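The listed protein sequences derive, respectively, from chains Z and E.
Residues are numbered in this note's numbering as their position in the first sequence, beginning at 1, plus a constant of 264.
Residues are numbered in this note's numbering as their position in the second sequence, beginning at 1, plus a constant of 56.
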Amino acid sequence: MLNPRATVHGGIWDTLAVAVNREYAGAATLLHDADELALLPPVSGGLDPRPAPIPGRAATQANPPKRNQE
Amino acid sequence: MTIDFFRSVIPTAELVESLKAGEDGAVVLFDGIVRNNTRGRKTLFLDYESYEQMALDQMRALATQAIAQFGVRDIALVHRLGRLEIGESSVVIVVASAHRGAAFDACRWLIDTLKKTVPIWKKEHFVDGVVWADGEPFPQDLAVASPAPTGPTPADPVRQR
Chain Z
265 MLNPRATVHG GIWDTLAVAV NREYAGAATL LHDADELALL PPVSGGLDPR PAPIPGRAAT
325 QANPPKRNQE
Chain E
57 MTIDFFRSVI PTAELVESLK AGEDGAVVLF DGIVRNNTRG RKTLFLDYES YEQMALDQMR
117 ALATQAIAQF GVRDIALVHR LGRLEIGESS VVIVVASAHR GAAFDACRWL IDTLKKTVPI
177 WKKEHFVDGV VWADGEPFPQ DLAVASPAPT GPTPADPVRQ R
């Protein structure tokens, strides 16, 4: 299991994301032999502060993208 | 759908032309270009790097989601890597749709989401130093241990303090 509590909390774990086999993974993810593990620092495509829904999880967000009814 | 990285100038005009089809009523283009300063600090050039295979998968997933949820017909989503000079395009998004409203909405959502979730990083070379851009915090459920503003989440023990 990925267990950030076993390390320094309040440090880099507060800003990292983890990917297993090139998909974002949560702390409950089990690792297997030959899995590809990546520690990702915050991505830096710009300074736009506007929030956006999460890919693949928009249905659970408060403001999912809406189909335009034009 | 066109998802790709470029290591030289992005062929924006070709992307736009290749995406158009008879049933489209609108093509919306977002062209993200390199600015000559960050908060007033003069920029010389940028270097972009990526975790490429994951980034391509993420970009494809975003485009697929946008087509499904906004009802647009087709999308080109491409990013440039390597060294970019001031004014050059770093990211180009083209959305083709029967109607303009859906195309604008999808394009805005794509660039906002790409900037927060696709593993691409930017090193800024200023006149007086070099820094990796800070980046935005990951959305709450992608970060490993980001603090939960609404309190601990029982389903996710990592967020308990």
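Glycine included, C-beta positions come from ideal geometry on N, C-alpha and C.
Nothing here was measured: the structure is a model prediction, and the numbers come from that model.
Close Cβ partners of residue i (< 6 Å) along its chain, the five nearest in sequence each way excluded
| i | result |
| --- | --- |
| residue 92/E | 99, 142 |
| residue 105/E | 177 |
| residue 161/E | 126 |
Cβ shell of residue i (< 8 Å), same chain only, five flanking positions each side left out
| i | result |
| --- | --- |
| residue 71/E | 58, 132, 134, 148, 150 |
| residue 301/Z | 282, 283, 284, 295 |
| residue 165/E | 122, 126 |
| residue 62/E | 134, 135, 136, 137 |
| residue 172/E | 192, 194, 195 |
| residue 119/E | 57, 59, 131, 133, 166 |
| residue 299/Z | 284, 285 |
Contact with chain Z by residue i, beta-carbon distance below 8 Å
| i | result |
| --- | --- |
| residue 57/E | no |
| residue 200/E | yes |
| residue 7/E | Only positions 57 to 217 of chain E appear in this structure, which leaves residue 7/E out of reach. |
| residue 174/E | yes |
| residue 144/E | no |
| residue 192/E | yes |
| residue 113/E | yes |
| residue 152/E | no |
| residue 178/E | yes |
Residue range of the unbroken alpha helix (DSSP H) whose run includes residue i
| i | result |
| --- | --- |
| residue 141/E | Per DSSP, residue 141/E belongs to no alpha helix (DSSP H); it is in the beta strand (DSSP E), 138-141. |
| residue 170/E | 156-173 |
| residue 126/E | 108-126 |
| residue 58/E | Note, residue 58/E: premise wrong, no alpha helix (DSSP H); beta strand (DSSP E) at 58-62. |
| residue 189/E | Segment: none, residue 189/E is in no alpha helix (DSSP H) and carries neither H nor E. |
| residue 180/E | Unbroken run through residue 180/E is the beta strand (DSSP E), 176-182; no alpha helix (DSSP H). |
| residue 72/E | 68-75 |
Residue from the options with nearest C-alpha to residue i
| i | options | result |
| --- | --- | --- |
| residue 130/E | 62/E, 74/E, 191/E, 198/E | 74/E |
| residue 200/E | 291/Z, 298/Z, 299/Z | 291/Z |
| residue 159/E | 83/E, 69/E, 65/E | 83/E |
| residue 167/E | 66/E, 115/E, 156/E | 115/E |
| residue 102/E | 181/E, 194/E, 195/E, 198/E | 181/E |
| residue 177/E | 136/E, 156/E, 163/E | 136/E |
| residue 87/E | 97/E, 95/E, 197/E, 163/E | 163/E |
| residue 97/E | 194/E, 198/E, 197/E, 183/E | 183/E |
| residue 287/Z | 68/E, 90/E, 117/E | 117/E |
| residue 85/E | 140/E, 94/E, 197/E, 156/E | 156/E |
Beta carbon proximity, residue i to chain E, threshold 8 Å
| i | result |
| --- | --- |
| residue 291/Z | yes |
| residue 281/Z | yes |
| residue 294/Z | no |
| residue 302/Z | yes |
| residue 307/Z | yes |
| residue 310/Z | Caution is warranted here: a pLDDT of 43 is assigned to residue 310/Z, below 50, making its placement in the model unreliable, and no coordinate value can be reported. |
7 Å CB neighbourhood of residue i in its chain, flanking five on each side removed
| i | result |
| --- | --- |
| residue 80/E | 129, 152, 153, 154 |
| residue 127/E | 158 |
| residue 107/E | 175 |
| residue 76/E | 83, 152 |
| residue 66/E | 134, 136, 145, 148 |
| residue 305/Z | 279, 280 |
Opening and closing residue of the beta strand (DSSP E) in which residue i lies
| i | result |
| --- | --- |
| residue 303/Z | 301-304 |
| residue 293/Z | Taken as a continuous stretch (DSSP letters only), residue 293/Z belongs to no beta strand (DSSP E), as it is neither H nor E. |
| residue 152/E | 145-153 |
| residue 90/E | That residue, residue 90/E, is in no beta strand (DSSP E); it is neither H nor E in DSSP. |
| residue 282/Z | 281-284 |
Note to self: Quick test of the definition: if touching needs 3 or more C-beta pairs under 8 Å, does the region 109-119 of chain E touch the region 187-194 of chain E?
What the structure shows: Contact fails: fewer than three Cβ-Cβ distances are below 8 Å.
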